[in-house]
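K.L.:
Its first residue numbered 1, the sequence shown is counted upward by one per residue in this note's numbering.
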Amino acid sequence: MRGFSVLTLLLASFLPLADAAAQQAKPHKLGDYQSWTAAVLGEGGHKVCYAFTRAIKAEGVPGRSANNVMLVVTHRPQGRDQVALQAGYTYPRNSNENGDPVQVTVGSRSFGFFTSGNSAFAREGHAAVAAFRAGSQAVARGPAPNGKGQASETFSLSGFSAAYEAISKECPAGGGGRR
């Protein structure tokens, strides 16, 4: 009986930790800012803040919904202004062989993105973010699935600056990001 009560106490002492870990993984919305949403979640005991928008137009991939295509800017303790595009399909395996297969254009500026799986990542996140803050829309162009043709996605940048300010306030530079 004594062994049972010790085991029960041990299990009971770990339940709050498990609950805290489960809660930490859930995103918390910081706000909606026109076309963009800002949120924060816990990852490995640190805050991860991100802003995202869904495409307003997606072309070149039959059956793909623009609602499944996202542009995301993330602040992590080990890196700020991480810009990713989630395409809603898997990029061709060899798409990185000839340089940056995805180009995101904002106004007259173009940024190269490399691919991995169904995502593309900006090589120059800080520069892309600066362009997002000054622009009105971003257009991504890259290889369609199986390398057959080209896909394009259009994103509104309306509200990006406010969403970016929200994630920057929640996860300040050099703030450590501890939860």
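The beta-carbon is built from N, C-alpha and C at its ideal position, and this holds for glycine as well. On a predicted model such as this, the values are computed, not experimentally measured, just so you know.
Could you check where the alpha helix (DSSP H) with E170 kicks off and where it finishes?
P.N.:
Mapped onto the sequence shown, residue 170 falls at position 170. Its alpha helix (DSSP H) spans residues 160-170.
K.L.:
Could you tell me how far apart the beta carbons of E43 and S152 are, in whole angstroms, since I believe they sit closer than 8 Å?
P.N.:
In the sequence shown, the residue the question calls residue 43 occupies position 43. In the sequence shown, the residue the question calls residue 152 occupies position 152. With a Cβ gap of about 31 Å, E43 and S152 do not count as contacting.
K.L.:
Determine, using beta carbons only, whether F114 and A127 come nearer to each other than 8 Å.
P.N.:
Within the sequence shown, residue 114 is the residue found at index 114, counting from 1. Within the sequence shown, residue 127 is the residue found at index 127, counting from 1. No, they are not a contact pair.
K.L.:
Going by other Cβ atoms of all chains shown within 10 Å of its Cβ, with 16 needed for buried, is H75 buried or exposed?
P.N.:
Locating residue 75 in the sequence shown gives position 75, where the first residue counts as 1. Buried, by the Cβ-count rule.
K.L.:
Considering only residues of the same chain and omitting the five flanking positions on each side of C49, which have a CB-CB separation below 6 Å?
P.N.:
Against the sequence shown, residue 49 aligns to sequence position 49. V40, H75, I167, E170, C171.
K.L.:
Suppose you measure from the CA of S95 to the CA of A134; what does that come to, to the nearest Å?
P.N.:
Along the sequence shown, one-based indexing puts residue 95 at 95. Along the sequence shown, one-based indexing puts residue 134 at 134. Distance between the alpha carbons of S95 and A134 is about 29 Å.
K.L.:
What's the gap between the Cα of K57 and the Cα of L157?
P.N.:
Translated into positions along the sequence shown, residue 57 becomes position 57. Translated into positions along the sequence shown, residue 157 becomes position 157. Distance between the alpha carbons of K57 and L157 is about 13 Å.
K.L.:
Could you tell me which of M70, Q150, S35, R80 sits nearest to A87, measuring between CA atoms?
P.N.:
In the sequence shown, counting from the first residue as 1, residue 87 sits at position 87. Among M70, Q150, S35, R80, the Cα nearest to that of A87 is on M70.
K.L.:
With A39 as the anchor, note down where its beta strand (DSSP E) starts and where it stops.
P.N.:
Taking the first residue of the sequence shown as 1, we reach residue 39 at position 39. First-last of the beta strand (DSSP E) with A39: 36-43.
K.L.:
When you compare only the Cα positions, how much space is there between F132 and F160?
P.N.:
For the purposes of this step, residue 132 is taken as residue 132 along the sequence shown, with counting starting at 1. For the purposes of this step, residue 160 is taken as residue 160 along the sequence shown, with counting starting at 1. Approximately 7 Å, taken between the alpha carbons.
K.L.:
Would you list, in sequence order, the uninterrupted beta strand (DSSP E) runs of no fewer than 3 residues that lie entirely inside the segment 101-148?
P.N.:
As far as the segment 101-148 is concerned, its whole beta strand (DSSP E) runs of at least 3 residues are 102-106, 109-116, 119-122, 137-143.
K.L.:
Are A38 and L85 touching if we call contact CB-CB under 8 Å?
P.N.:
Here residue 38 refers to the residue found at position 38 when the sequence shown is read from its first residue. Here residue 85 refers to the residue found at position 85 when the sequence shown is read from its first residue. Taking 8 Å as the Cβ cut-off, A38 and L85 do not qualify as a contacting pair.
K.L.:
A84 by DSSP, collapsed to three states: which one?
P.N.:
Taking the sequence shown and counting its residues from 1, the one referred to as residue 84 is at position 84. Note: A84 maps to strand in three-state DSSP.
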